[in-house]
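The structure appears below as structure tokens.
There are 2 protein chains.
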Amino acid sequence: MIARTEIVHSTEIEFWFEFASNYSYLSVMRIEAEAKRHGVRIVWRPFLLGPIFRALGMENSPFVLQKEKGAYVWQDMMRQCRKYGLGWVQPTTFPRIGVLPLRIALLGADQPWIGAFCRRVMELNFVQDKDINLPNHMTPILEELGLPAADVLAKAQADSTKASLRGQTEEARTKGIFGAPTFFVGPEMFWGNDRLDDALVYASSQ
Amino acid sequence: MIARTEIVHSTEIEFWFEFASNYSYLSVMRIEAEAKRHGVRIVWRPFLLGPIFRALGMENSPFVLQKEKGAYVWQDMMRQCRKYGLGWVQPTTFPRIGVLPLRIALLGADQPWIGAFCRRVMELNFVQDKDINLPNHMTPILEELGLPAADVLAKAQADSTKASLRGQTEEARTKGIFGAPTFFVGPEMFWGNDRLDDALVYASSQ
Numbered sequence: 011m012i013a014r015t016e017i018v019h020s021t022e023i024e025f026w027f028e029f030a031s032n033y034s035y036l037s038v039m040r041i042e043a044e045a046k047r048h049g050v051r052i053v054w055r056p057f058l059l060g061p062i063f064r065a066l067g068m069e070n071s072p073f074v075l076q077k078e079k080g081a082y083v084w085q086d087m088m089r090q091c092r093k094y095g096l097g098w099v100q101p102t103t104f105p106r107i108g109v110l111p112l113r114i115a116l117l118g119a120d121q122p123w124i125g126a127f128c129r130r131v132m133e134l135n136f137v138q139d140k141d142i143n144l145p146n147h148m149t150p151i152l153e154e155l156g157l158p159a160a161d162v163l164a165k166a167q168a169d170s171t172k173a174s175l176r177g178q179t180e181e182a183r184t185k186g187i188f189g190a191p192t193f194f195v196g197p198e199m200f201w202g203n204d205r206l207d208d209a210l211v212y213a214s215s216q
Numbered sequence: 011m012i013a014r015t016e017i018v019h020s021t022e023i024e025f026w027f028e029f030a031s032n033y034s035y036l037s038v039m040r041i042e043a044e045a046k047r048h049g050v051r052i053v054w055r056p057f058l059l060g061p062i063f064r065a066l067g068m069e070n071s072p073f074v075l076q077k078e079k080g081a082y083v084w085q086d087m088m089r090q091c092r093k094y095g096l097g098w099v100q101p102t103t104f105p106r107i108g109v110l111p112l113r114i115a116l117l118g119a120d121q122p123w124i125g126a127f128c129r130r131v132m133e134l135n136f137v138q139d140k141d142i143n144l145p146n147h148m149t150p151i152l153e154e155l156g157l158p159a160a161d162v163l164a165k166a167q168a169d170s171t172k173a174s175l176r177g178q179t180e181e182a183r184t185k186g187i188f189g190a191p192t193f194f195v196g197p198e199m200f201w202g203n204d205r206l207d208d209a210l211v212y213a214s215s216q
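Order-wise, the sequence lines are chains A and B. Here the numbering used here is used: position 26 in the first sequence is 36, and no number is missing along the way. Here the numbering used here is used: position 51 in the second sequence is 61, and no number is missing along the way.
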């Protein structure tokens, strides 16, 4: 039985993501299909990027602070989305605050609807160019997933959930996370959507 | 004849690189074989990353300035080199000044030895962990390539070559380059070794 437990643990990938993050969008859209293909279980780990950036001395996304990199990123996103067959509209607000959906994702991290929920929120931000922090923008998404929207929204805004998200963000910081998406396979860290495939190959080889 | 000229132009990739840059190391080692496979001609564009970083308000490499990212980068390099089958020793000095080999690369950019020269310099830095800015470290490399080492070194240190490298670096800045390696296919910019394959696919489709 010990051997079995070890196998289960080693084929897990921790997926640290933020709804404001455009490269997290690519990974959120891809990860369930890719992880399934590699036989790897996903541990969904929503966190807040803002406090991480501030702890690193940045008052905003590096894509906003560094003009040249920012200009490049939107070209890159257009090409990456075309490559992966994903929709893409450059958000008129960036980065978009997504505390509410992050709290919902935290509540649903172990639930079967987590992947679908995250994809809808990401499409709201990066395809429909809509605010993702409004309860009335979350309600139709939750209802489509067959969930009691009012109840989920109430739980998401409870003090305990707020504290959990702050705790998870603090954990991201102590793990050395400096951007999103970030993947962990055991102690091995992989940064960026460009490393999702490497991380899954590594996880499935453990 | 006009059609032929257009075809030649559209299957070119501009390769902007720096010998100090660890991700440029990956691309320098890979680009000749990959470009050949895609039928794309390489335009070698050595430049100085230091003045670019300073123009962006950074006094050093972001891998030195950002402790968390720096720690990650060396793990990532180890894994990337394993993936590509390349040697890897974390340099004891980073970033290593490589003005002299950049000047030699500028002189040799159109010569058949450019690829081999750049690979030797990169291996000196990232496999042998040796200073790359010493004339007596360049001499054996140049001699192995069958070149008149003393003559090449003298030309590399001529004022006109120094001015050319400064000019090429200024061109990098005006093109919006903010890191290395960077690739251009016509006006389309691709940043990072992770985009070399996309850039070559794009070039070969033009």
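A virtual CB, placed ideally from N, CA and C, is assigned to each residue, including glycine.
Distance between residue j and residue i (C-alpha atoms, nearest Å)
i, j, result
"T21(B)", "P61(B)", "30 Å"
"V137(A)", "Q167(A)", "26 Å"
"P111(B)", "E42(A)", "46 Å"
"Y212(B)", "G177(A)", "43 Å"
"T255(A)", "E198(B)", "The requested residue 255(A) does not occur in the structure, where chain A is confined to residues 11 to 216."
"L66(A)", "G80(B)", "12 Å"
"L210(A)", "E180(A)", "25 Å"
"S174(A)", "Y82(A)", "35 Å"
"D204(A)", "F29(A)", "17 Å"
"F63(B)", "Q90(B)", "24 Å"
"I23(A)", "V195(A)", "5 Å"
"V38(A)", "F188(A)", "18 Å"
"H147(B)", "E153(B)", "11 Å"
"D207(A)", "E44(A)", "8 Å"
"A13(A)", "E69(B)", "Note that A13(A) has pLDDT 46, beneath the 50 cutoff, so the model's placement of it is unreliable and the number below is only indicative. Rounded to the nearest angstrom, the two C-alpha atoms are 50 Å apart."
"T113(A)", "K172(A)", "Here residue 113(A) is Arg; the residue named in the question, Thr, does not match the sequence. Each residue's Cα considered, the two are about 7 Å apart."
"A115(B)", "L144(A)", "55 Å"
"I17(B)", "M88(B)", "Bear in mind that a pLDDT of 44 at I17(B), under 50, signals an unreliable position, so the number given afterwards is only what the model happens to contain. Cα to Cα, the separation comes out at about 38 Å."
"F127(A)", "I52(B)", "45 Å"
"F193(B)", "A182(B)", "11 Å"
"I151(B)", "V109(B)", "16 Å"
"R47(B)", "K93(B)", "19 Å"
"W84(A)", "R40(B)", "27 Å"
"F25(A)", "L117(A)", "15 Å"
"D141(B)", "S170(B)", "24 Å"
"P101(A)", "L59(A)", "17 Å"
"L157(A)", "Q121(A)", "11 Å"
Distance CB(residue i)-CB(residue j) smaller than 7 Å
i, j, result
"T149(A)", "A164(A)", "no"
"W6(A)", "A119(A)", "No answer is possible for residue 6(A): it lies beyond the span of chain A, which begins at 11 and ends at 216."
"V50(A)", "S215(A)", "no"
"P191(A)", "F57(A)", "no"
"W123(A)", "L155(A)", "yes"
"D139(B)", "V99(B)", "yes"
"G186(B)", "E78(A)", "yes"
Practice problem: Determine which residues of the stretch 129–159 of chain B have a Cβ less than 8 Å from any Cβ of chain A, and write them out in chain order. | Solution: none
Quiz item: If you pair each beta-carbon of the stretch 97–105 of chain B with each one of the stretch 62–77 of chain B, do three or more pairs fall below 8 Å?
Solution: yes
Quiz item: Any residues in the stretch 176–204 of chain A with a beta carbon nearer than 7 Å to a beta carbon of chain B? Which ones, in chain order?
Solution: Within the stretch 176–204 of chain A, the qualifying residues are G186, F188, M199, W201, D204.
Quiz item: Three or more C-beta pairs closer than 8 Å, one from the stretch 30–41 of chain A and one from the stretch 131–147 of chain A: is that the case here?
Solution: yes
Quiz item: Residue ranges of each beta strand (DSSP E) run of no fewer than 3 residues wholly in the stretch 23–60 of chain A, ordered along the chain?
Solution: 51–56
Exercise. Please go through the stretch 58–112 of chain B and give each complete alpha helix (DSSP H) segment of 4 or more residues, from N-terminal end onward.
Key: Whole alpha helix (DSSP H) segments, 4+ residues: 59–65, 72–75, 77–94.
Self-check item: chain B contacts from the stretch 69–88 of chain A (Cβ-Cβ distance under 8 Å)
Solution: Q76, E78, K79, A81, Y82, Q85, D86
Exercise. Output the residue ranges of the beta strand (DSSP E) runs that lie fully inside the stretch 116–200 of chain A and measure 3 residues or longer, sorted by chain position.
Key: 192–195
Self-check item: Residues of the stretch 104–120 of chain B with Cβ closer than 7 Å to any Cβ of chain A, in chain order
Solution: none
Practice problem: Report the residues of the stretch 41–71 of chain A with a CB closer than 8 Å to any CB of chain B, ordered along the chain. | Solution: L66
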